[in-house]
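Listed in order, the protein sequences are those of chains A and B.
For the first sequence, the numbering used here assigns the number 1 to the initial residue and increments by one for each residue that follows.
For the second sequence, the numbering used here assigns the number 1001 to the initial residue and increments by one for each residue that follows.
A quick write-up on the structure given underneath.
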Amino acid sequence: MAGRQELQAVVLLLAGGTLVKLAATGASMRYVRAGMRPVVLTAGLVLLAVAALSLAHAVRARRTANAALAGELGGGDQVGEHGDRHDHGHRFEVAWLLVVPMLVLLLLAPQPLGSYSAARAGTALGAARSTDFVPLPAGDPIRVSLLDYAARAVFDPRALAGRHVVLSGFVLPGPHGAWYLTRMVITCCAADAQPIKVGLSGTVPAGLRSNDWIEVTGGYTSRTATDEVNAETIPFIEVNTSRPIAAPSEQYVS
Amino acid sequence: MTATQTRGTSPPATRQEAAGRRGLGGVELFMLVLVVAVLARPWLAGLTGSARAQAWLTVFVAIVIQASPFVVLGSLLSAVIAVLVPASFFARALPRRPVLAVPVAGAAGVVLPGCECGSVPVAGALMARGVAPGAALAFLLASPAINPVVLVATSVAFPGRPGMVLARLAASLLAAVVMGWLWLRLGRAEWLRPRPRPELAGLSRWPALLAACRHDITQAGGFLVIGAAAAATLNVAMPPGWLHAVAAHPALSVLALAVLAVVLSICSEADAFVAASLTQFSLTARLAFLVVGPMVDAKLFTMQAGAFGRRFAVRFAPATFAVAVAVSIVVGWVAW
């Protein structure tokens, strides 16, 4: 077994271990849809199995080779030749590249996408245009997703009349001192993340900083703004009360 | 510990030479890299503290994580094809004439439920098993776009518009078959890097399966990392608002979304949702986004270059881009 194959095995060990850790701790939800967790876990376990079997195979092959070497000098040649043939030319081993994202994940643990990315993309309400809205549940106030509120406020505002809703998200500074309550929507991973923005009017909390997570309670207002990036409509909410909250473990809406 | 060291007790001259050139063994170097990275962590964290760098890192690792299950699945499948499925199976399953084998292989893409990252190693294994390159390439291009998972995702993303699913199926299959035929006519064998599988030589069935699997995962995964880095860079570097500026122009908008598909490198299982949200664009432009994305994108380019060679990728990717855009315009014109 050549060094190249053992290297591939230890790289897969690192990759598999990282994926299992991400799925087990839920940190995978910073990067991919929550529903991907079992899939990521399975992929990690397969990688660990391939790595473990490869290492076991390598150890066994080396033991056989050593035994052959000890008994008779030429005996190890078969294994050696096999390895050398694969190592010819000393090409760069691409497996090394896989170490980079794994170390980034283990050591730097990048944060979920927030206001930086949200500011650079237009609100993605367009996809909700043809949604059939089910009646809002009973109760007052009711907790609805930011996406749900934004879609109803733009396409079906009558249902919101006289209702109070609780929304949560991170805040993003808009033009003219406005604040947008924002969530990133993903369908697979952070590469396809798109923001949903709802403007805050009424009792906007003081001292907000970009990326702060807050929960607001309020009601529908007909005030709207136009997203500067894609000219889509940004609905507003008339805030009555608000409070800072900790960022949830699943920050994306999917 | 590496084999080189163990063998160092009494190595033949050639092996000693090889060991000298390699210096540190791969595994020792790996350990060293880990230790250095852990020690350098505070410095690296400081370096990547800005919002822009964080966004880059997040998109970069997100693409790798999202694609890894599909790379694993595709590599398992390609290992099975390489080791367990006899070459005679494909000779029997596909029409003997390559001209007919291309559309059959393209349509066979329906059976691989995954995205584009999985189809690269599978197409490579098919070629190594004697399938005509044109047919294997038609499979490579068609399968990530026309498999049931992707078509269902498309219909969910475009409710009340079954035409979009049909148009995507028709345009993707057509573009894949056209590319397969183009390869039969213009492609040259020397553009493709031959794929000998030295790691399989002299191994019995199960060790060979394991070796093929390990080899394919690390190769496809390694090139995926380059592509993910490129896609993250483009994602972060893209000036906001450029899309909106061209949305109203009928021809430019098609080209813009085709370019966006290349830039974003979104998994084909997710791209329909992104296309659905690009409401200011025409349906034809969004169809181009859905047809181009699974066939040509930043990460796919590096994966194809890794699997088939750079000389192949620099010719194949631009040609595929042109064909996919042209077919999308024609299908869009017929459909809407």
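By construction, the Cβ of each residue, glycine as well, lies at the ideal position given by its N, Cα and C atoms.
What's the C-alpha gap between Ala1145 of chain B and Ser1172 of chain B?
Here residue 1145 of chain B is taken as the residue at index 145 of the second sequence, counted from 1. Here residue 1172 of chain B is taken as the residue at index 172 of the second sequence, counted from 1. One C-alpha to the other measures close to 6 Å.
Same chain only: Cβ atoms within 7 Å of Val1269 of chain B, ignoring 5 sequence neighbours per side
For the purposes of this step, residue 1269 of chain B is taken as residue 269 along the second sequence, with counting starting at 1. As written in the sequence, residue 1269 of chain B is Glu, which differs from the Val given in the question. Answer for Glu1269 of chain B: Cys1115, Val1149, Val1150 and Ala1153, listed in chain order.
By the DSSP assignment, the alpha helix (DSSP H) with Leu1200 of chain B in it spans what residues?
Here the question's residue 1200 of chain B lines up with position 200 in the second sequence. Element bounds for Leu1200 of chain B: n/a, residue is neither H nor E.
With contact counted as at least three CB pairs below 8 Å, one residue from each stretch, are the segment 1046–1065 of chain B and the segment 1101–1115 of chain B in contact?
no
Taking Arg4 of chain A as the query, report the chain B residues whose CB atoms sit under 8 Å from its CB, ordered along the chain.
Within the first sequence, residue 4 of chain A is the residue found at index 4, counting from 1. Correct list: Gly1026.
Looking only at DSSP bridge pairs, what is Glu238 of chain A linked to?
To locate residue 238 of chain A, count along the first sequence from 1; it is residue 238. Paired residue(s): A:Ser201 and A:Gly219.
Assigned secondary structure, Val1038 of chain B (DSSP; H/G/I helix, E/B strand, else coil):
Sequence index remark: in the second sequence, residue 1038 of chain B carries index 38 (1-based). The answer is helix: DSSP assigns Val1038 of chain B an H, G or I state.
Segments of 3+ residues assigned as beta strand (DSSP E) that fall wholly inside the segment 152–191 of chain A:
164–173 and 179–185
Secondary structure at Ile1226 of chain B, three-state DSSP: helix, strand or coil?
Here residue 1226 of chain B refers to the residue found at position 226 of the second sequence. It is helical.
Between A:Pro141, A:Val165, A:Ala159 and A:Val32, which has its C-alpha nearest Thr1058 of chain B's C-alpha?
Within the second sequence, the letter at position 58 stands for residue 1058 of chain B. The shortest C-alpha separation from Thr1058 of chain B is found at A:Val32.
Among residues of its own chain, excluding the 5 on either side of Arg223 of chain A, which ones have a beta-carbon nearer than 6 Å to its beta-carbon?
Looking up residue 223 of chain A in the first sequence gives position 223. Ser201 and Phe236, listed in sequence order.
Identify the continuous alpha helix (DSSP H) that holds Ser1328 of chain B and give its terminal residues.
Residue mapping note: residue 1328 of chain B aligns to position 328 of the second sequence, counting from 1. Segment Arg1310 to Ala1335, the alpha helix (DSSP H) holding Ser1328 of chain B.
Could you check how far apart the C-beta atoms of Ala124 of chain A and Pro205 of chain A are, in whole angstroms? I think they sit under 8 Å.
Reading the first sequence from its first residue, position 124 is the one you call residue 124 of chain A. Reading the first sequence from its first residue, position 205 is the one you call residue 205 of chain A. The beta-carbon separation of Ala124 of chain A and Pro205 of chain A, rounded to 25 Å, does not stay under the 8 Å limit for a contact.
Please confirm if Trp179 of chain A has its CB atom under 9 Å from at least one CB of chain B.
Sequence index remark: in the first sequence, residue 179 of chain A carries index 179 (1-based). It does not; no Cβ of chain B falls within 9 Å.
Pro1113 of chain B in three-state terms, based on DSSP:
Within the second sequence, residue 1113 of chain B is the residue found at index 113, counting from 1. Three-state DSSP puts Pro1113 of chain B in coil, outside helix and strand.
Quick one: list the residues of chain B neighbouring His176 of chain A, beta-carbon separation under 7 Å, in chain order.
For the purposes of this step, residue 176 of chain A is identified with residue 176 of the first sequence, where counting begins at 1. Under the 7 Å cutoff, chain B gives no residues; its nearest Cβ is about 18 Å from His176 of chain A.
Per DSSP, what kind of secondary structure is Arg1188 of chain B in: helix, strand or coil?
Indexing the second sequence from 1 puts residue 1188 of chain B at position 188. Coil at Arg1188 of chain B, not helix or strand.
Reduced DSSP secondary structure (H/G/I, E/B, other) of Gln194 of chain A
Taking the first residue of the first sequence as 1, we reach residue 194 of chain A at position 194. Looking at Gln194 of chain A - three-state DSSP - the assignment turns out to be strand.
Closer than 7 Å at the beta carbon, the chain B residues around Val99 of chain A:
Numbered from 1 along the first sequence, position 99 holds the residue referred to as residue 99 of chain A. The contacting residues are Val1033.
Measuring CB to CB, does Gly3 of chain A end up less than 9 Å from Ala23 of chain A?
Within the first sequence, residue 3 of chain A is the residue found at index 3, counting from 1. Within the first sequence, residue 23 of chain A is the residue found at index 23, counting from 1. Cβ distance not < 9 Å, so Gly3 of chain A and Ala23 of chain A don't count as in contact.
Closest to Val1246 of chain B by CA distance: which of B:Arg1185, B:Val1156 and B:Leu1260 is it?
By 1-based counting over the second sequence, the position of residue 1246 of chain B is 246. Out of B:Arg1185, B:Val1156 and B:Leu1260, B:Leu1260 has the C-alpha closest to the C-alpha of Val1246 of chain B.
Find the nearest neighbour of Ala1285 of chain B within the set B:Leu1137, B:Ala1298 and B:Gly1332, judged by alpha-carbon distance.
Along the second sequence, read from residue 1 onward, the residue named residue 1285 of chain B stands at position 285. Per the Cα distances, B:Gly1332.
Reduced DSSP category for Arg1286 of chain B - H, G, I as helix; E, B as strand; rest coil:
Mapped onto the second sequence, residue 1286 of chain B falls at position 286. DSSP places Arg1286 of chain B in helix when its eight states are reduced to three.
Express the C-alpha separation of Pro1194 of chain B and Pro1207 of chain B in angstroms, rounding to a whole number.
For this step, residue 1207 of chain B is matched to residue 207 along the second sequence. For this step, residue 1194 of chain B is matched to residue 194 along the second sequence. Cα to Cα, Pro1207 of chain B sits roughly 22 Å from Pro1194 of chain B.
Boundaries of the alpha helix (DSSP H) in which Tyr116 of chain A is found, first to last residue:
As a position in the first sequence, residue 116 of chain A is number 116, starting the count at 1. Looking at the DSSP string, the run of the alpha helix (DSSP H) that includes Tyr116 of chain A is Ser115 to Ala119.
Whole angstroms are fine: how far does the CA of Asp140 of chain A sit from the CA of Val1274 of chain B?
To locate residue 1274 of chain B, count along the second sequence from 1; it is residue 274. To locate residue 140 of chain A, count along the first sequence from 1; it is residue 140. Pairing Val1274 of chain B with Asp140 of chain A, the inter-Cα distance amounts to about 34 Å.
For Leu256 of chain A and Thr25 of chain A, I'd like the C-alpha separation in whole angstroms.
Missing from the structure shown is residue 256 of chain A; chain A here goes from 1 to 254 and no further.
Can you tell me whether Arg143 of chain A is helix, strand or coil according to DSSP?
Walking along the first sequence from the start, residue 143 of chain A turns up at place 143. It is a strand residue.
Residues of the segment 1058–1081 of chain B in Cβ contact with chain A at a cutoff of 7 Å, in chain order, please.
Thr1058, Val1059, Phe1060, Val1061, Ala1062, Ile1063, Val1064, Ile1065, Gln1066, Ser1068, Pro1069 and Val1072
Report the neighbours of Cys1213 of chain B on chain A: residues whose CB is nearer than 8 Å to its CB, in chain order.
Start at 1 with the first residue of the second sequence, and residue 1213 of chain B comes out as number 213. Simply Val50.
Would you call Thr226 of chain A buried or exposed, if buried means 16 or more other Cβ atoms sit within 10 Å of its Cβ?
As a position in the first sequence, residue 226 of chain A is number 226, starting the count at 1. Exposed, since its Cβ has fewer than 16 Cβ neighbours within 10 Å.
According to DSSP, Ile214 of chain A sits in a beta bridge with which residue or residues?
Here residue 214 of chain A refers to the residue found at position 214 when the first sequence is read from its first residue. A:Gly169 and A:Pro244.
What residues from chain B crowd round Pro112 of chain A, counting only those whose CB sits closer than 8 Å?
Numbered from 1 along the first sequence, position 112 holds the residue referred to as residue 112 of chain A. What Pro112 of chain A touches in chain B: Thr1058.
Nearest to Arg1052 of chain B by CA position, among A:Ala65, A:Gln111 and A:Glu238, is which residue?
Start at 1 with the first residue of the second sequence, and residue 1052 of chain B comes out as number 52. Among A:Ala65, A:Gln111 and A:Glu238, the Cα nearest to that of Arg1052 of chain B belongs to A:Gln111.
Pick out whichever of B:Gly1049, B:Ala1307 and B:His1244 has its Cα sitting closest to the Cα of Gly1118 of chain B.
To locate residue 1118 of chain B, count along the second sequence from 1; it is residue 118. Nearest option by C-alpha distance: B:Ala1307.
One question on the structure: do Leu181 of chain A and Gly199 of chain A come within less than 9 Å of each other, judged by their Cβ atoms?
Taking the first sequence and counting its residues from 1, the one referred to as residue 181 of chain A is at position 181. Taking the first sequence and counting its residues from 1, the one referred to as residue 199 of chain A is at position 199. The Cβ-Cβ distance between Leu181 of chain A and Gly199 of chain A falls below 9 Å.
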